[in-house]
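Report on the structure given below.
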Ligand SMILES: *[C@@H]1O[C@H](CO)[C@@H](O)[C@H](O)[C@H]1NC(C)=O
Ligand SMILES: *[C@@H]1O[C@H](CO)[C@@H](O)[C@H](O)[C@H]1NC(C)=O
Ligand SMILES: *[C@@H]1O[C@H](CO)[C@@H](O)[C@H](O)[C@H]1NC(C)=O
Ligand SMILES: *[C@@H]1O[C@H](CO)[C@@H](O)[C@H](O)[C@H]1NC(C)=O
Ligand SMILES: *[C@@H]1O[C@H](CO)[C@@H](O)[C@H](O)[C@H]1NC(C)=O
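In mature numbering (1 follows the signal peptide of the UniProt record, and there is no 0), the protein residues as written are -21 to -1, 1 to 178.
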């Protein structure tokens, strides 16, 4: 018993240290981000597991154009495409947590498409993440909010797993309750009229 207990603790520790040494990856967004013309939007991107990148270069690109560059511990907008001038905000304080999301102000129709967040010098195989921005005409905000397929739902997978577990537990509970009720009724009937078991 004691040996088994020790072994299970040991394997749990190995598993945890394995997770710890996992190299950080750049993760964009699997879900399309939707914004209306004139709105501000945050394009999500982060490192997983969390990793401090404030000493590294971070690039945001859109169709090859430079959207925002963070370099030598500050914004470097020399190469910024003019269509994004004064319209980007990079959250410097969030970088220590590996959050390299970018805020884009006053969205235009031309902003739509795939954005790439890149940490070129990251010691990892996954240095790029993609975020797709969909731009809808002005005044369509309500439709966006009503649409369950849009919006940030990075927990989609966790949610569906939770749903499946919840539904499974619910179904099992219902089956158990039905069995208990049926068994109790049968017993009750047998006790009340023992000669009349088959109806
Ligand atoms: C970032 O650079 C500064 C100065 O070069 C250094 O003191 C600090 O430890 C570095 N931080 C990380 C997380 O590498
Ligand atoms: C950006 O903002 C600065 C200061 O507010 C302003 O002088 C400049 O004209 C703006 N550039 C563009 C392209 O809007
Ligand atoms: C990243 O920072 C932005 C701005 O503070 C915030 O809105 C967003 O939720 C953060 N994302 C993560 C994954 O922490
Ligand atoms: C947003 O952009 C449009 C042009 O795309 C411009 O006419 C408008 O003044 C901008 N609004 C703000 C608040 O900067
Ligand atoms: C991002 O998009 C590019 C091209 O559109 C693709 O080659 C790459 O595999 C994508 N990366 C991820 C992490 O989805």
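Think of the CB as a built atom: it goes at the ideal place given N, C-alpha and C, for glycine as much as any other residue.
Distance between beta carbons of residue j and residue i, contact taken as under 8 Å
{"i": "residue 98", "j": "residue 37", "result": "6 Å"}
{"i": "residue 62", "j": "residue 89", "result": "6 Å"}
{"i": "residue 101", "j": "residue 35", "result": "7 Å"}
{"i": "residue 58", "j": "residue 67", "result": "At roughly 13 Å, the Cβ-Cβ gap does not stay under 8 Å, so residue 58 and residue 67 are not in contact."}
DSSP three-state assignment for residue i, whether helix, strand or coil
{"i": "residue 113", "result": "strand"}
{"i": "residue 20", "result": "strand"}
{"i": "residue 86", "result": "coil"}
{"i": "residue 73", "result": "helix"}
{"i": "residue 93", "result": "strand"}
{"i": "residue 32", "result": "coil"}
{"i": "residue 133", "result": "Note that residue 133 scores 41 on pLDDT, short of 50, meaning its location in the model is unreliable; the coordinates nonetheless yield the value given after this. Residue 133 falls in the coil class under three-state DSSP."}
{"i": "residue 162", "result": "helix"}
{"i": "residue 64", "result": "coil"}
{"i": "residue 27", "result": "strand"}
{"i": "residue 11", "result": "coil"}
{"i": "residue 5", "result": "strand"}
{"i": "residue 58", "result": "coil"}
{"i": "residue 179", "result": "Here the chain covers residues -21 to 178 and nothing more, so residue 179 does not appear."}
{"i": "residue 53", "result": "strand"}
{"i": "residue 118", "result": "coil"}
{"i": "residue 98", "result": "coil"}
heavy atom of ligand 2 below 7 Å from residue i C-beta
{"i": "residue 65", "result": "yes"}
8 Å Cβ shell around residue i - same chain, five flanking residues per side excluded
{"i": "residue 77", "result": "3, 25, 26, 27, 28, 29, 30, 31 and 32"}
{"i": "residue 91", "result": "112, 113 and 114"}
{"i": "residue 118", "result": "15"}
{"i": "residue 8", "result": "22, 23, 24, 108, 109, 110, 111, 131 and 133"}
Chain-order list of residues whose beta-carbon lies under 7 Å from that of residue i (same chain, five-residue window excluded)
{"i": "residue 14", "result": "20, 86, 112 and 114"}
{"i": "residue 70", "result": "78 and 80"}
{"i": "residue 22", "result": "12, 80, 81, 83, 94, 110 and 112"}
{"i": "residue 41", "result": "92 and 94"}
{"i": "residue 106", "result": "5, 97, 98 and 99"}
{"i": "residue 17", "result": "85, 86 and 117"}
{"i": "residue 1", "result": "28"}
Near ligand 4: residue i beta-carbon under 7 Å from a heavy atom
{"i": "residue 11", "result": "no"}
{"i": "residue 92", "result": "no"}
{"i": "residue 17", "result": "yes"}
{"i": "residue 85", "result": "yes"}
Contacts around residue i, its chain only, beta-carbon distance under 6 Å, and the 5 residues preceding and following it disregarded
{"i": "residue 74", "result": "32 and 33"}
{"i": "residue 44", "result": "60"}
{"i": "residue 6", "result": "25, 27 and 108"}
{"i": "residue 64", "result": "none"}
Distance cut-off 7 Å: residue i Cβ against heavy atoms of ligand 5
{"i": "residue 107", "result": "yes"}
Residue i: CB within 7 Å of a non-hydrogen atom of ligand 3
{"i": "residue 47", "result": "no"}
{"i": "residue 23", "result": "yes"}
{"i": "residue 42", "result": "no"}
{"i": "residue 70", "result": "yes"}
{"i": "residue 73", "result": "yes"}
Proximity test, residue i beta-carbon vs ligand 1 heavy atom, cut-off 7 Å
{"i": "residue 34", "result": "yes"}
{"i": "residue 102", "result": "no"}
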